[in-house]
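Below is one structure, written out as structure tokens; the observations come after it.
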Amino acid sequence: MSVLNSKKFYITTTLPYVNSDPHIGFAMEFIRADMIARYKKIQGFDVFFNTGTDEHGLKIFKKAEERGISPQEYVDEYADKFKALIPLLGISPDVVFTRTTDEHHIKSAQEFWKLCDKNGFIYKKNYIINYCVGCELEKANSELVDGKCPDHTNLEIEYIDEENYFFKFSVFQNRLMDIYKRNPEFVIPNHRLNEIKSFVERGLNDFSISRLKTKMPWGIEVPTDSNHVMYVWFDALVNYISAIGWPSDMEKFNTWQKDTSGMVQYCGKDNLRQQASMWQAMLLAADLPHSKNIIIDGFVTGSGGIKMSKSLGNTIDPNEIVAEYGTDALRYYVAREIAPFEDTPFTKEMFKDAYNANLANGLGNLVSRVMTMAQNNIDLPVNVGEVKISENIVNAIEKYNLQEATNIIWEKIGEMDAKIQLTQPFKLIKTDKEKAVEIIKELVVGIYEIAIYLEAILPETSDKIKKLVKQNKKPDIPLFLRME
RNA sequence: GUCGGUGUAGUUCAAUGGUAGAACGGGGGACUCAUAAGCCUCAGACAAUGGUCCGAUUCCAUUCAUCGACACCA
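Throughout the first sequence, residue numbering follows the working numbering, covering 11 to 494 in sequence.
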């Protein structure tokens, strides 16, 4: 199969850290990236779609220890849980799943380290660690309250002096600012670009990129020093290029990183700095091209914008939603009801309301009423012809604004319901059959168009509608049953 | 504390220096092809205070509320 001449597109999610079960925030990110990937495929691009799991680090090591299993057993179990999202969320089956424990990733991360080292951007220095004996964990300065661990205020923080490798982040300030200035769409939405600009503008500190192996054995060994393992940055972030063959298959790498004019990264707002500054500096350090777009999502919150947490009991489990409403219902909600780029509350109540109003009463009901009229009054399937995605939907998706795109589709659904009311083909059929059939045919073409528009958003539903049109048949069971 | 964002109907959002729009939810109506769905229709809002202006929801200031950044937490 020759793909030499077609356009290329590379999109990736962040790799979630596997210290807990998949949550709705990642499900949202995954679904959105999938919609963009599917859309690009429909537009004729060859698409590389990457996701995976971040599986190293002290927290995972400790959790495995607590459960008395090996870290590898622990991460295997979690990798499976995250892989299970692919069918659950209706993700393209050809998505590439990169684990940071994969052999090729480990090699890639080590080569990346060596290259940055060779280029003079890695050095060793002493690093003071805040260690809480109560948590048995290192603490960041920002995690401390009045110099103490908030969970163990009775204990003193121990300051441990150890040697770490550092990355010369500070020298990239101007070059990063340059990227931001030359690429006004580099970070989407714009206010997040401003945020990262002001962060970089204030000046950058080098960051620590290794840990002593004696304290944290669960990581990728630093290739130049077997006493150290890599800290998360030089491990997890490198997956974006290890996934596409760097450095073992440079032809593949060039296809997906250079011919695409850069990777598109989806991430949550808590990942802005890593993706938009640290990772970009790392790419510069390795003489690799920077990313094309970094799309920042808001958080899914509980009712009233309150942070979701297990203790508040306001978390949403994607498994539960899909079990009750189906994959496409969740995809619909993610695309249209959760604001792109901003925080949005998500409650089961809100979900049910949106489902009933727009999927059961809206799309599902429209397909039923149109196809019933078609089946009863037209002998052969309607010739629907060639349908292209409309211009305004294309524009919305180019801006990664799935809400705007789906709004356009639902406007069309509303217009079709209004048209049926206005033209009343179900009544006209008794007096002017020819005219009524003509209207019904137009309606069938209309829902076929909607099916085409929905291909990337609700693939399963899109297929169902196309099939019904081709068979000139009303659905045996409603597409989306009303929920009470 | 410093810097920045936001505050509009019950809810989620939109627009605008000059009668504030929508969707969902709620009330009413006529219809029946459809999942008691769809259509029509009614009610309902500019956080507070001051200022600029002929006129402010929109600009400015202050207050209150809320979110974020201020780095090595992923």
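Cβ atoms here follow ideal geometry from the backbone N, Cα and C, with glycine treated the same way.
Exercise. How big is the Cα-Cα spacing for S218 and K158?
Worked result: For the purposes of this step, residue 218 is identified with residue 208 of the first sequence, where counting begins at 1. For the purposes of this step, residue 158 is identified with residue 148 of the first sequence, where counting begins at 1. Distance between the alpha carbons of S218 and K158: 22 Å.
Exercise. Of the choices L294, N482, T471, whose alpha-carbon is the least far from that of P488?
Worked result: By 1-based counting over the first sequence, the position of residue 488 is 478. That would be T471, whose Cα lies nearest to the Cα of P488.
Problem set entry | Buried/exposed call for N200, threshold 16 Cβ in 10 Å | Reading the first sequence from its first residue, position 190 is the one you call residue 200. Counting C-beta atoms within 10 angstroms of its own C-beta, N200 has fewer than 16 neighbours from the protein chains shown and is therefore classed as exposed.
Exercise. Sorted by chain position, which residues of the same chain lie with C-beta nearer than 6 Å to H300's C-beta, five sequence neighbours on each side aside?
Worked result: On the first sequence, residue 300 is found 290 positions in, with the first residue counted as 1. Excluding positions up to five away in sequence, the list reads I189, Q290, L293.
Problem set entry | Residues near S220 by beta carbon distance below 7 Å, same chain, minus five either side | Start at 1 with the first residue of the first sequence, and residue 220 comes out as number 210. Excluding sequence neighbours, S220 sits near N174, Y175, V232, H238, V239, M240, Y241.
Problem set entry | Residue interval of the beta strand (DSSP E) (run including D171) | Within the first sequence, residue 171 is the residue found at index 161, counting from 1. Bounds of the beta strand (DSSP E) holding D171 are 168-177.
Exercise. Going by Cα to Cα distance, which pick from R202, G323, P355 is closest to G315?
Worked result: As a first step, residue 315 must be located in the first sequence, where it is residue number 305. Comparing alpha carbon positions, the residue from R202, G323, P355 closest to G315 is P355.
For this session: Measure the Cβ-Cβ separation of E39 and G272 and say whether it is below 9 Å.
Result: Taking the first residue of the first sequence as position 1, residue 39 is located at position 29. Taking the first residue of the first sequence as position 1, residue 272 is located at position 262. No; because the gap between Cβ atoms is not below 9 Å, this pair is not in contact.
Exercise. Does DSSP put N215 in a helix, in a strand, or in coil?
Worked result: Along the first sequence, read from residue 1 onward, the residue named residue 215 stands at position 205. Coil at N215, not helix or strand.
Exercise. DSSP on L294, reduced to helix/strand/coil?
Worked result: For the purposes of this step, residue 294 is taken as the residue at position 284 of the first sequence. Here L294 sits in helix by DSSP.
Exercise. Should K480 go down as buried or exposed, given a rule of 16 or more other Cβ atoms within 10 Å for buried?
Worked result: Position 470 of the first sequence, counted from the start, is the residue given in the question as residue 480. By the 10 Å Cβ count, K480 comes out exposed.
Exercise. If you draw a straight line from the C-alpha of A415 to the C-alpha of S118, how long is it?
Worked result: Translated into positions along the first sequence, residue 415 becomes position 405. Translated into positions along the first sequence, residue 118 becomes position 108. In a straight line, the C-alpha of A415 is about 38 Å away from that of S118.
For this session: Look at Y335 and N60 and say whether their C-beta atoms are less than 9 Å apart.
Result: Position 325 of the first sequence, counted from the start, is the residue given in the question as residue 335. Position 50 of the first sequence, counted from the start, is the residue given in the question as residue 60. Their beta carbons are not under 9 Å apart, which means Y335 does not touch N60 by this criterion.
Problem set entry | Bridge partners - K69, DSSP secondary structure assignment | Start at 1 with the first residue of the first sequence, and residue 69 comes out as number 59. For K69, DSSP assigns no beta-bridge partner whatsoever.
Exercise. What residue range is occupied by the uninterrupted alpha helix (DSSP H) comprising H115?
Worked result: Residue numbering aside, residue 115 sits at position 105 when the first sequence is read from its first letter. Taken as a continuous stretch (DSSP letters only), the alpha helix (DSSP H) holding H115 covers 113-128.
For this session: Given a cut-off of 9 Å, decide if F55 and K17 are closer than it, judged by their beta-carbon atoms.
Result: To locate residue 17, count along the first sequence from 1; it is residue 7. To locate residue 55, count along the first sequence from 1; it is residue 45. If you check the CB distance, K17 and F55 come in under 9 Å.
Exercise. What residue does the alpha helix (DSSP H) around M240 start on, and which one ends it?
Worked result: By 1-based counting over the first sequence, the position of residue 240 is 230. Premise fails: M240 lies in the beta strand (DSSP E), 235-240, not in any alpha helix (DSSP H).
For this session: With a threshold of 16 other CB atoms inside 10 Å of the CB of Q434, please say whether the residue is buried or exposed.
Result: For the purposes of this step, residue 434 is taken as the residue at position 424 of the first sequence. When all chains shown are included, Q434 counts as exposed.
Problem set entry | Of the residues Y27, F58, Y137, the one placed nearest K262, counting alpha carbons only | Against the first sequence, residue 262 aligns to sequence position 252. With distances taken between Cα atoms, K262 lies closest to F58.
Problem set entry | Three-state secondary structure assigned by DSSP to V57 | Along the first sequence, read from residue 1 onward, the residue named residue 57 stands at position 47. Strand, per DSSP.
Exercise. Hey, L125 and A253 are a contact pair by Cβ (cut 8 Å); roughly how many whole angstroms apart?
Worked result: The residue labelled residue 125 in the question sits at position 115 within the first sequence. The residue labelled residue 253 in the question sits at position 243 within the first sequence. A Cβ-Cβ distance of about 17 Å is found for the pair L125 and A253, leaving them out of contact under the 8 Å criterion.
Exercise. Do three or more CB pairs link the region 432-447 to the region 379-398 at distances below 8 Å?
Worked result: Short answer: they touch.
Exercise. Under the DSSP definition of a beta bridge, which residues are partnered with G278?
Worked result: Position 268 of the first sequence, counting from 1, holds the residue named residue 278. Paired residue(s): D307.
Exercise. When you compare only the Cα positions, how much space is there between P469 and R346?
Worked result: By 1-based counting over the first sequence, the position of residue 469 is 459. By 1-based counting over the first sequence, the position of residue 346 is 336. Between the alpha carbons of P469 and R346 lies a gap of roughly 15 Å.
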